Each structure stands twice: as structure tokens, then as C-alpha cells.
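So the number in my numbering is just where the residue sits in the sequence shown, counting from 1, plus 1. First comes the structure, then the notes that go with it.
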Amino acid sequence: MYNVSIIGLGWVGLAYSAFFTSRKVRVIGVDVDERKIGMLKRGVMPFYEPGISELLRSALRNGLFSPTISYKEAIRLSDILFITVGTPSLADGRIDLKYVSSAVESLGKCLAEVNEYKLIVVKSTVIPGTTLNLVGRILEKTSGKTLGKHFGLCFNPEFLKEGTALRDLEKPDRIVIGAYDKKSGEVLRKFYKEVYGDEIPPVLCTNIVNAELIKYASNAFLAMKISFINTFANLCEKLPGADVNTVAKGIGLDSRINPRFLRAGVGFGGSCFRKDLMAIINLCKDKGVDSSLLESVIKINDLQRRHVIEIIEKEFSNLKNVTVAILGLSFKPNTDDLRDAPSIDIVRGLLDRRAVVKVYDPVAMEKFKKIFGEKVKYCSSMLDCIKGADCAVIVTEWSEFKNLTPDDFLKNMRRPIVVDGRRIYDPELFSKKLKYYGIGWGGSI
2 MYNVSIIGLG WVGLAYSAFF TSRKVRVIGV DVDERKIGML KRGVMPFYEP
52 GISELLRSAL RNGLFSPTIS YKEAIRLSDI LFITVGTPSL ADGRIDLKYV
102 SSAVESLGKC LAEVNEYKLI VVKSTVIPGT TLNLVGRILE KTSGKTLGKH
152 FGLCFNPEFL KEGTALRDLE KPDRIVIGAY DKKSGEVLRK FYKEVYGDEI
202 PPVLCTNIVN AELIKYASNA FLAMKISFIN TFANLCEKLP GADVNTVAKG
252 IGLDSRINPR FLRAGVGFGG SCFRKDLMAI INLCKDKGVD SSLLESVIKI
302 NDLQRRHVIE IIEKEFSNLK NVTVAILGLS FKPNTDDLRD APSIDIVRGL
352 LDRRAVVKVY DPVAMEKFKK IFGEKVKYCS SMLDCIKGAD CAVIVTEWSE
402 FKNLTPDDFL KNMRRPIVVD GRRIYDPELF SKKLKYYGIG WGGSI
């Protein structure tokens, strides 16, 4: 079996580390953050993602996972090296490649000291042209070796969803390999064949620039589906008897469309969609390509967050001293990730209007405290959060919130007004007992 290195132990890097070790691949995990490496050696995860901590602790015990700060060890012991460092946004929306450049320079210097062929695989999301023109050139310059002769190069995008990363890795829809040359592609294809065995998903082999574009096009399309259905959700709210969930189901049954990512709500969040949209919008502008469709996806998403506050303002002419309970802080369930989370904009909007804000989330409270400090009240449970509130807003569809009944809101709230930002409740049932606003629900006829 293979020895591989994962360069960059963030969410993507650790997800792949956990999965590969579960398939008996030995993984050397490299990160420049010595504190993080120390935590990982003790089996402590820096974030929440179902199943990963258990797999990595098992891999540590079995000698399949070795966290280190040493690039030299990674190059010496690995056949394939995956680059999974972050590519955050700059102020203008373009991606910041400093972590990629730094990692590649370190790899190149160590590559100079070995004689064996190594395959370098970029998984970090990068603008088309980056893998070949930046990564390839830096590796050649710092190693003194020739791409294609002494080492191979691929771009191999990840398509993971936070909260379901392991499931996505165990049963992926496809594997995309953008290869510099035939040998690079064959080495990576052979690796995945050994990892997945007879259950290997469809593998698309193409050139590097196509693979880079596939990643951006995929995320842009998924974000577009969300903004599309939210546009219809807002229309449904103006039409008595209309329900966006039924509309989404009706169009989702069309095999050309499919139902995934057609859930109306408070909008998308997370580390990828907005960042990737902004990056590709900037690339379009640089190349003279109209990007108005992509720009509208972001605009609609931003408006959707404000729409939640507009709904609350319909009930209260002035939000000063109105107590609003926010249920759910992470951008989606089964993660503690707050990057671009709708809850942040919604809470800021409420605080700007001098509302009293109470919040609860099963796993993201500590991270939320780092953003808002003592400006909001942190609650110990969902019932504690809605107790004494004038309005409750469902922002994240955690499964435990689905257990709340109309009576729970009636017994605990001062004014039982519910804004169902994720449509987790039956609107007909709830609206009969309390004031209920569901995103995309136009009310009974």
C-alpha cells in the first residue's frame, strides 16, 4: 500500500487523512502550525466533523497517521504528496496564494534532496492556470528538477461537504484528475484504484486547466441553484397557498434538474461558495467575460439574510429591547464552521436595531463567542434559548430543533412568533397554534 503526505491539516487535509488511513494508507500529515501538530499528536481535533476524530485517533495508535512539521520527512517517505492548504480571499475577492506558494517552495527544496520520482497533487482550490504556471514552476526552480521527468503534477479537486465529509469520501460521485502528463495521471488513478478497489467511482482524466475549472463551475452551479430557489421562495411568500417546498419537489423530479440544493432558506454560507464565486468573477473580469449571472447569485444570497430581519420587523415596528432567539449558528448542521454563516449577518442586523439576542447551537457556541463576545446571551439548550423570547428564528437545521413542537414555543416564549428560516416545521400545523413565518410559504388559502 502507498505512503502519502497531506500538506496542510485544515478541514480538507484532515478529512482526507482520516479517510486514507481508514483504507490502510499510511499518511504523514504536514502543517507549519506547531500547536496544531501537538494537538493532533494527542488525538485532539481542531474542529468538529462527524467521525474524523475517531478515525484519526485509531490511526495514531496503529501508526498510520504521523503529524509533523517536517517537509523533509514527508518527501522522503511518501510516494504521493497532496497539497491541501487554504486559499483565502483577498480584500478584492481574488484568492490569496501565499500558503500554496510557501508550501510548494518548501516541497521543492526537499524534492531536490531525493532521487525517486514523486507525484505532487494539488487539492487546494486555485484559479485556472495556477497549478501549472505557479506550482509547477516553483517546484522546478526550487528543486532543480524537471517536471515530467523527475516528478509528476496533478490537480485533483475535492468535492466534500462539511458535516458529511467521510460519507462523501467513501461514496464520491466522481474523481476528477487533471494531469500534466500521462504518467502523472496513471500514478494517481492507480492510487485511487487501490484505495477504492471494485467500488471506485467514475474517474474523469483531463488536463489541469479543465480540472481547475470543474471545481469552480461545480461550486458556482450549486450556489446558483440555492439562489434560484430562494428567488422563487420570496415569490411564494406573496402568493397565498404557494409553498416553495412543493415547487422545488416538482422541478426536482425532473431528471435534468434533480432535487439536491433546491432547499429554500436563509441562504448559503461556508468557506467555499462565496469565496469561489468571487474568485471566478474576478477571473471573468480579467478575461473580459460577462459575470452578471454569478454576481446575481451573491446578491440574492445577501438579500436573503436581510429578508429574515425584514420578516421580524413586520411584527415589531421597533426592535429595540425585543428579545430574539437564534437557533443554530454554524452555516450548516454537523459542523462548527462559522465562515460566512448566515447567523453572523442576522445577529449583527438585530444588534444594530438594538434587539436583545439569545443564541444556541450544539457545537458552535465557543467560536461564536470569539466574534460577538458578550453582546449576545449564550444559552445552554434550545428551550433555554426560546424561554422569554418574543421571536424565535431557525437559522441552522440541526436535527434536535426538529423535535420542538408548537406547544414548546407557546409554553416558553413571551410572544410565540417563529421564523422558520430552514423550513423544518409543518407550516399548516404551526400556523394554527402560533404566529408562523416559513421561508417560501405563502400561507393557507
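Ideal Cβ positions, reconstructed from N, Cα and C, are used throughout, including at glycine. These numbers come from a predicted model, not from an experiment.
| Item | Value |
| --- | --- |
| Endpoints, beta strand (DSSP E) assigned at Cys386 | Unbroken run through Cys386 is the alpha helix (DSSP H), Met383 to Ile387; no beta strand (DSSP E). |
| CB contact flag (Val5, Ser79, <8 angstroms) | yes |
| Inter-stretch contact at 8 angstroms, needing at least 3 Cβ pairs: the stretch 240-250 / the stretch 311-319 | no |
| Where Leu236 falls: helix, strand or coil (DSSP) | helix |
| At least three beta-carbon pairs within less than 8 angstroms, the stretch 11-24 to the stretch 158-175 | yes |
| Straight-line gap, Arg190 to Leu384 (C-alpha atoms, nearest Å) | 51 angstroms |
| CA nearest to the CA of Asp174, picked from Glu200, Ala180, Ile209 and Ser71 | Glu200 |
| Per DSSP, the bridge partner or partners of Ile8 | Val31 and Ile84 |
| 8 angstroms Cβ cutoff met for Ile96 and Ser103 | no |
| Contact check, Ile29 vs Phe83, beta carbons under 8 angstroms | no |
| 7 angstroms CB neighbourhood of Met40 in its chain, flanking five on each side removed | Pro47 |
| Secondary structure of Phe21, DSSP reduced to three states | helix |
| Entirely enclosed beta strand (DSSP E) segments - the stretch 361-439, minimum 3 residues | 392-395, 418-421 and 436-439 |
| Contact check, Val419 vs Phe402, beta carbons under 8 angstroms | no |
| Proximity winner among Leu61, Lys433 and Leu405, relative to Ile38 (alpha-carbon distances) | Leu61 |
| Buried or exposed by the 16-neighbour rule on C-beta atoms within 10 Å, applied to Glu429 | exposed |
| Val26 - DSSP class collapsed to helix/strand/coil | coil |
| Buried versus exposed call for Leu240 [16 or more other C-beta atoms within 10 Å across all chains shown] | exposed |
| Secondary structure of Cys206, DSSP reduced to three states | strand |
| Beta-bridge pairing of Val358 - partner residues as DSSP gives them | Val325 |
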